[in-house]
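To start, the structure itself, in structure tokens.
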Amino acid sequence: MALYEKYPVSISNSLSGNKELFVPAKAPFVGLYSCGPTVYNEVHLGNLRTFTSFDVVFRYLTHIGYKVRYVRNITDAGHLTNDAGVGVDRIEESAKLEQLEPMEIVQKYTTSFHDVCRIFNVLPPSIEPTATGHIVEQIDMVKKILSNGYAYEVNGSVYFDVRKYNETHHYGELSGRNIDELLEGTRELDRQDEKRNAIDFAIWKAVSPNHIQRWNSPWGEGIPGWHLECSAMGTKYLGDQFDIHGGGMDLKFPHHECEIAQNVGALGKSPVRYWMHTNMLTVNGEKMSKSKGNSFLPRELFAGSHPLLAKAYSPMAVRFFMLQSHYSSTLDFSNEALSAAEKGFKKLSNALTTIKSLNHPGNGNDDATLAADLKRMVGECYQTMSDDFNTAKTLAVLFEMSSRINDFKSGNLKFAAVSASTFEEFKNTYIAMMEDVLGIKDEESHNQELMDGVINVLIGLRKKARTDKNFALSDKIRDELKALGVQLMDGKDGEMNYTIE
RNA sequence: GGUCUCAUGGCCGAGUGGCUAGGCAGAGCUCUGCAAAAGCUCCUACAGCGGUUCGAAUCCGCUUGAGACCUCCA
Numbered sequence: 007m008a009l010y011e012k013y014p015v016s017i018s019n020s021l022s023g024n025k026e027l028f029v030p031a032k033a034p035f036v037g038l039y040s041c042g043p044t045v046y047n048e049v050h051l052g053n054l055r056t057f058t059s060f061d062v063v064f065r066y067l068t069h070i071g072y073k074v075r076y077v078r079n080i081t082d083a084g085h086l087t088n089d090a091g092v093g094v095d096r097i098e099e100s101a102k103l104e105q106l107e108p109m110e111i112v113q114k115y116t117t118s119f120h121d122v123c124r125i126f127n128v129l130p131p132s133i134e135p136t137a138t139g140h141i142v143e144q145i146d147m148v149k150k151i152l153s154n155g156y157a158y159e160v161n162g163s164v165y166f167d168v169r170k171y172n173e174t175h176h177y178g179e180l181s182g183r184n185i186d187e188l189l190e191g192t193r194e195l196d197r198q199d200e201k202r203n204a205i206d207f208a209i210w211k212a213v214s215p216n217h218i219q220r221w222n223s224p225w226g227e228g229i230p231g232w233h234l235e236c237s238a239m240g241t242k243y244l245g246d247q248f249d250i251h252g253g254g255m256d257l258k259f260p261h262h263e264c265e266i267a268q269n270v271g272a273l274g275k276s277p278v279r280y281w282m283h284t285n286m287l288t289v290n291g292e293k294m295s296k297s298k299g300n301s302f303l304p305r306e307l308f309a310g311s312h313p314l315l316a317k318a319y320s321p322m323a324v325r326f327f328m329l330q331s332h333y334s335s336t337l338d339f340s341n342e343a344l345s346a347a348e349k350g351f352k353k354l355s356n357a358l359t360t361i362k363s364l365n366h367p368g369n370g371n372d373d374a375t376l377a378a379d380l381k382r383m384v385g386e387c388y389q390t391m392s393d394d395f396n397t398a399k400t401l402a403v404l405f406e407m408s409s410r411i412n413d414f415k416s417g418n419l420k421f422a423a424v425s426a427s428t429f430e431e432f433k434n435t436y437i438a439m440m441e442d443v444l445g446i447k448d449e450e451s452h453n454q455e456l457m458d459g460v461i462n463v464l465i466g467l468r469k470k471a472r473t474d475k476n477f478a479l480s481d482k483i484r485d486e487l488k489a490l491g492v493q494l495m496d497g498k499d500g501e502m503n504y505t506i507e
């Protein structure tokens with residue numbers, strides 16, 4: 007019996023607004039798509055929260071036995087800022103500012119994005135397609151939408167006819183918009199537009215000859231519409247209809263709404279069975295966003311080099327911080343909260359190191375109460391994760407487990423009171439939840455082995471000093487290491503451990 | 001203006017009708033040469049006012065406050 011059968015997953019589906027039992031179309035295969043970054047500058051912490059959320063979804067579904075194909079795109083084609091055509095192409099604008107070729111910009115920030123992902127232990131997706139690599143597919147999709155009568159061409163641009171679409175379908179089903187209200191709200195802005203209605207959106211946009219990024223198409227030179235790439239690439243790699251599509255809440259409208267319309271318009275089928283939307287990271291109660299200027303970069307975070315930051319925070323502490331809240335809640339950033347998270351993370355991390363070194367001697371029988379307790383925690387890890395990926399609850403269980411781990415270490419709990427198999431299950435679950443599912447790993451420091459060797463030499467000296475009752479010297483060794491950020495800890499048996507701040 | 005969401009103890013945050021998470025901070029105890037780490041104990045909250053119910057943080061209404069989307073954003 008696969009874990010996913012034992013602990014069935016439920017997901018809050020943005021489309022229905024309800025928490026639903028997750029039943030993949032073709033179990034054990036799962037198609038998962040999430041909107042990746044537009045690589046025209048560096049991703050900020052808010053972006054990272056979303057990527058981390060879906061990283062955990064990917065990790066957990068995989069862990070419980072699903073064969074997940076996870077597609078996360080890179081947006082590297084220019085997107086016009088607004089439909090009126092007076093906006094700027096963000097990638098091209100960056101290129102001009104930095105005096106680089108557009109693809110240089112793309113390359114630079116894609117690399118930067120990957121670096122950040124690696125540092126935050128966000129796994130690479132199964133497929134990471136780029137918009138520029140799928141121009142053909144996008145043009146093909148425009149053709150289909152045109153031939154199905156849901157789009158029209160004007161001066162080399164192709165627009166999706168929302169009103170026409172809405173006659174037979176429901177534009178706004180995902181975001182709860184009412185098309186009449188949308189039309190009303192935008193009527194006054196509707197000048198000498200090429201579009202029939204203000205809510206129509208471009209699926210192919212003609213550009214002027216001096217535009218650097220442009221591609222040939224049946225309608226002339228231009229660029230694909232803003233929403234088209236996800237439709238085209240999601241369909242290509244996951245099929246006409248796939249299981250989960252995720253992204254930040256701010257993409258719900260219009261991006262995801264348009265995506266649905268495009269897919270239905272081209273293929274006659276709603277593309278996604280379960281929509282998931284992550285909530286925003288806020289700073290002092292306000293959404294962190296590039297336009298508000300209250301965002302900071304991951305790099306600034308672990309360097310502590312931003313005015314909002316009181317100090318530097320480690321990547322794993324920040325990851326832990328994010329996982330302490332549910333993905334669908336806003337999470338407010340503050341130095342206090344991050345400092346608290348730092349300590350909590352360290353506690354779990356220490357327990358992880360500890361349990362890896364604990365091995366059951368093999369001779370023990372289950373004490374009914376203790377064994378039931380340990381098994382309960384194992385089950386709760388899975389139940390809470392299967393309950394809409396409730397990492398906050400899972401972490402609460404892991405804290406409880408970490409207390410028991412320390413009990414085994416200190417001898418408060420005896421190995422004799424638990425069978426080897428029960429202990430192994432407990433141990434394996436803790437390690438798997440931490441490392442495989444939540445992606446919380448030990449912080450790596452440079453020259454780890456060398457450091458370890460050097461500190462062990464000093465530990466040897468301190469042991470000698472203590473044996474000789476030369477406490478002045480033993481304290482000096484400990485205090486001076488402490489000043490450097492290395493904390494020595496004496497065990498009952500005379501052994502010493504250390505942690506690095 | 002339209003649509004919608006949220007308001008939890010000193011702080012951060014789970015929670016969707018009864019079993020009153022968890023972390024951080026604080027107090028105390030145990031262990032320890034002293035520390036650190038760890039274990040145990042204590043601190044019991046749900047914006048306000050009504051209502052439904054045997055019973056509400058959880059459902060409904062109103063009030064107040066905050067925020068999001070409607071324009072690029074994860």
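All residue numbers for the first sequence refer to my numbering, where the first residue is 7 and numbers rise by one. No residue lacks a Cβ here, since even glycine has one placed at the ideal position from N, Cα and C. A quick note: this is a predicted structure, and the numbers were derived from the prediction, not measured.
(Q) Shorter than 7 Å, the distance from the beta carbon of Y158 to the closest heavy atom of the ligand PLP, or not? (A) Because no ligand of any kind appears in the structure shown, any question about the ligand PLP cannot be addressed here.
Q | Where the beta strand (DSSP E) containing R75 begins and where it ends | A | 73 to 78
Q: Would you tell me roughly how many angstroms separate the C-alpha atoms of D394 and S16, rounded to the nearest one?
A: 5 Å
Q: Measure the C-alpha to C-alpha separation of N371 and F429 and round it to an integer number of angstroms.
A: 10 Å
Q: Return the chain-ordered ranges of every beta strand (DSSP E) run that is complete within the region 140 to 216 and spans a minimum of 3 residues.
A: Here the runs fully enclosed are 157 to 160, 163 to 166, 207 to 212.
Q. Can you round the beta-carbon distance between A157 and I111 to whole angstroms, since I take them to be within the 8 Å contact cut?
A. At roughly 30 Å, the Cβ-Cβ gap does not stay under 8 Å, so A157 and I111 are not in contact.
Q: Tell me whether the beta-carbon of T68 lies closer than 8 Å to the beta-carbon of V77.
A: no
Q.
Considering only their Cβ atoms, is the gap separating N203 from L180 smaller than 8 Å?
A. no
Q) Could you give the distance in angstroms between the alpha-carbon of E501 and the alpha-carbon of Y66? A) 37 Å
Q: To the nearest angstrom, report how far apart S22 and L54 are at their CA atoms.
A: 26 Å
Q. Since N19 contacts E11 with CB under 8 Å, what's their CB separation in whole angstroms?
A. With a Cβ gap of about 20 Å, N19 and E11 do not count as contacting.
Q) Using the rule of at least 16 other Cβ atoms within 10 Å of the residue's Cβ for burial, across every protein chain shown, is A357 buried or exposed? A) buried
Q.
Bridge partners for F57 per DSSP, in chain order?
A. The partner list for F57 (beta bridge, DSSP) is empty, contrary to what the question assumes.
Q: Determine which residues share a DSSP beta bridge with W281 and list them.
A: H251
Q. Expressed to the nearest angstrom, what Euclidean distance is found between the alpha-carbon atoms of L401 and L329?
A. So the two alpha carbons sit approximately 8 Å from each other.
Q) On the three-state DSSP scale, how would you describe T336? A) coil
Q | Span of the alpha helix (DSSP H) around P304 | A | 304 to 309
(Q) Our contact map puts R325 next to T58 with C-beta atoms below 8 Å; I'd like the distance itself, whole angstroms only. (A) 6 Å
Q. On the three-pair Cβ rule with 8 Å, is the region 235 to 254 touching the region 123 to 143?
A. yes
Q: Please determine, among D146, F432, C123, N462, the residue with the shortest C-alpha to C-alpha distance to L364.
A: F432
(Q) Helix, strand or coil, according to DSSP, for D413 in the structure here? (A) Residue state, collapsed to three classes: helix.
Q. Which of the three DSSP states, helix, strand or coil, is assigned to I229?
A. strand
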